[in-house]
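Residues 1 to 424 (the UniProt record's numbering) are what the sequence shown spells out, left to right. Structure first, then comments.
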Amino acid sequence: MSTPDHSRRTNWAGNLTYGARELVRPGSVAELREVVATAAAAGHRVRALGSRHSFSRVADTDGVHVSTRDLGLSVELEDGPEGPVAVVPGAMTYAEVAPVLQARGRALHNLGSLPHISVAGACATGTHGSGDHLGSLATAVVAIEIVTASGDLVRIDSGHPDFGGAVVSLGALGVVTRLWLRTEPTYEVRQRVWADLPADEVAEQLPEVLASGTGVSVFTNLADPDRVSSVWVKERLDRPGALAPCLASRASADRELHPVPGVDPAAASPQQGVPGPWHERLPHFRASHLPSVGEELQSELFLPRAAAPDLVPTMIGIRDAVAPALLVHEIRSVAADDLWLSPVRGRDSVVAHFTWRPDPALVMPALRAVEDALAPWAPRAHWGKITATPALRAPEGAYDLAAFRELGSRLDPDGVFRNDLLEA
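Below you can see the structure in the form of structure tokens.
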């Protein structure tokens with residue numbers, strides 16, 4: 001086990017400095033169990049530190065940060081009732097896991113916008129890609145293994161009554177060591193981008209636009225109220241879709257683009273309809289490059305799918321309050337699930353994502369305007385991103401909080417894995 005690191009560290013975007021007293025990197029699962037049990041016995045709180053891509057304090061602690069990067073685990077395939085299941089170390093990123101699966105002829109159902117995020121962290125916060133019929137990344141999980149506050153190693157499978165609270169758990173139940181992910185045969189995807197579209201056509205046809213491929217993203221920076229910057233359509237070759245009229249009537253772009261208008265597209269995943277393996281097309285960004293812009297803030301609100309036709313006009317209506325702080329606004333869709341703390345629990349969703357300039361004084365009033373404008377649709381805020389309205393993290397009736405609290409009281413009765421965000 002490495003010597004505890006007492007230096008301060010920040011998240012990926014640099015908007016947070018973590019409050020942990022130390023970072024410990026155990027070299028095995030046995031050492032991890034000892035670290036957690038020892039910290040808990042000393043009265044210290046514990047949180048796992050992953051790829052540090054969260055913009056909120058969901059992963060922060062005033063106690064001990066634990067990295068599971070050095071546990072000596074690797075990706076394995078096991079036989080499952082529905083086919084091969086990938087056994088994945090929680091600390092590994094999708095950029096590390098996906099090529100291993102591809103080499104073995106297997107794939108995941110979807111990926112997030114960037115592959116640089118850890119599997120455990122992405123699943124714990126309900127992170128997602130896009131697709132009308134595709135669930136969040138957490139819906140691929142069929143079992144999860146965690147180290148609890150007592151140092152016990154616990155596995156919870158999909159048939160267990162606690163499973164609904166164990167996957168999207170915000171790190172509140174323990175440190176995840178491994179996850180078992182449902183896989184399918186590998187597949188190819190092509191990506192096409194339509195640029196500079198009439199906003200009124202996209203707004204009127206937004207449900208059809210979002211259904212135009214395996215996964216679809218609509219981007220705009222609200223600079224022009226009459227135009228949408230781009231629409232990105234990712235289409236599985238074995239599952240072709242029907243394009244919305246506003247796309248079918250126009251040619252897709254004949255050059256590479258970046259989701260943020262005007263940014264060099266070198267970091268963006270290949271476009272122009274060139275087929276490629278799933279893990280090189282489903283994310284917006286290449287694993288080998290810095291994702292998105294880098295210096296930025298992010299927020300995201302989950303709305304019922306029925307809100308889709310009103311989303312573009314609503315954002316155009318508040319553009320004067322929002323555009324100065326905005327780098328890009330993205331619209332995606334995600335299928336419902338039944339995980340207790342999932343932002344899409346119980347409802348198919350349209351998702352309003354915002355990549356902001358790295359200036360909180362400029363961003364927070366703009367974000368408040370967004371949250372106020374979308375309030376009629378009962379938005380739910382992404383657990384790992386910023387919000388101007390903390391109540392949107394757990395709106396009344398959105399989650400099964402009672403069941404989750406009861407589970408937490410059993411697995412972590414002393415609150416070792418809690419932090420200020422979870423107790424707010």
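Positions of the beta carbon are idealized from the N, C-alpha and C atoms, including for glycine. As the structure is a computational prediction, the values presented were derived from the model and not from experiment.
6 Å Cβ shell around residue i - same chain, five flanking residues per side excluded
{"i": "G215", "result": "G129, S130, G131 and K234"}
{"i": "F163", "result": "I156"}
{"i": "A40", "result": "A149 and V416"}
{"i": "L367", "result": "S299 and A388"}
{"i": "L114", "result": "P283, F285 and P291"}
{"i": "H44", "result": "G63 and V64"}
{"i": "I316", "result": "P225"}
{"i": "A48", "result": "V66, G171 and V175"}
{"i": "I318", "result": "A369 and A373"}
Beta-bridge pairing of residue i - partner residues as DSSP gives them
{"i": "R192", "result": "V233"}
{"i": "H329", "result": "T220 and F354"}
{"i": "F163", "result": "F163 is not bridged to any residue."}
{"i": "G276", "result": "V189"}
{"i": "H65", "result": "L23 and R47"}
{"i": "T93", "result": "S118"}
{"i": "E423", "result": "Paired residue(s): none; E423 is not in a bridge."}
{"i": "L77", "result": "A86"}
{"i": "S349", "result": "P304 and V334"}
{"i": "D5", "result": "L23"}
{"i": "E184", "result": "A107"}
{"i": "G215", "result": "K234"}
{"i": "F285", "result": "A268"}
Exposure label - residue i; buried when at least 16 CB within 10 Å
{"i": "R106", "result": "buried"}
{"i": "A375", "result": "exposed"}
{"i": "residue 442", "result": "In the structure displayed, the chain extends from 1 to 424; residue 442 sits before or after that span and is not available."}
{"i": "V274", "result": "exposed"}
{"i": "L170", "result": "buried"}
{"i": "A251", "result": "exposed"}
{"i": "A199", "result": "buried"}
{"i": "G294", "result": "exposed"}
{"i": "A267", "result": "buried"}
{"i": "T10", "result": "exposed"}
{"i": "P395", "result": "exposed"}
{"i": "S409", "result": "exposed"}
{"i": "G14", "result": "exposed"}
{"i": "S51", "result": "buried"}
{"i": "R393", "result": "buried"}
{"i": "A361", "result": "exposed"}
{"i": "T93", "result": "buried"}
{"i": "P413", "result": "exposed"}
{"i": "T125", "result": "buried"}
Local conformation of residue i per DSSP, three classes
{"i": "D200", "result": "helix"}
{"i": "T10", "result": "strand"}
{"i": "Y82", "result": "Per the sequence presented here, residue 82 reads as Glu, with Tyr not at that position. Residue state, collapsed to three classes: coil."}
{"i": "F302", "result": "strand"}
{"i": "G317", "result": "helix"}
{"i": "S409", "result": "helix"}
{"i": "F404", "result": "helix"}
{"i": "D70", "result": "coil"}
{"i": "T17", "result": "strand"}
{"i": "R393", "result": "helix"}
{"i": "T177", "result": "strand"}
{"i": "L153", "result": "strand"}
{"i": "L297", "result": "strand"}
{"i": "V147", "result": "strand"}
{"i": "A381", "result": "strand"}
{"i": "R227", "result": "strand"}
{"i": "R239", "result": "coil"}
{"i": "V416", "result": "coil"}
{"i": "A172", "result": "coil"}
{"i": "V58", "result": "coil"}
{"i": "E324", "result": "The sequence as given places Pro at residue 324; Glu does not occur at that position. In the structure shown, P324 sits in a helix (DSSP, three-state: H, G or I)."}
7 Å CB neighbourhood of residue i in its chain, flanking five on each side removed
{"i": "D420", "result": "R57"}
{"i": "D348", "result": "R305, A335 and A336"}
{"i": "S269", "result": "Q191, E280, R281, P283, H284, F285 and R286"}
{"i": "Y399", "result": "W340, L341 and R345"}
{"i": "A140", "result": "L108, H109, L181 and R182"}
Cβ neighbours of residue i in the same chain (closer than 8 Å, five flanking residues each side left out)
{"i": "L153", "result": "V29, R33, E145, I146, V147 and T177"}
{"i": "A37", "result": "A149, S150 and G151"}
{"i": "L327", "result": "N221, V260, V293, E296, T355, W356 and R357"}
{"i": "V142", "result": "G80, V85, D157, S158, W180, L181 and R182"}
{"i": "residue 440", "result": "Nothing about residue 440 can be read from this structure; the chain reaches only from 1 to 424."}
Distance cut-off 6 Å: residue i Cβ against heavy atoms of the ligand PLP
{"i": "H279", "result": "The ligand content of the structure shown is nil, which means the ligand PLP is not present either."}
* Can you give, in chain order, each stretch of the alpha helix (DSSP H) that sits fully within the segment 102-144 and has at least 4 residues? -> The alpha helix (DSSP H) runs of length 4 or more contained entirely in the segment 102-144 are, from start to end of the chain, 119-124.
* Asked: Can you list, in chain order, the stretches of the alpha helix (DSSP H) that have 4 or more residues and sit fully within the segment 241-276?
  -> Whole alpha helix (DSSP H) segments, 4+ residues: 245-248.
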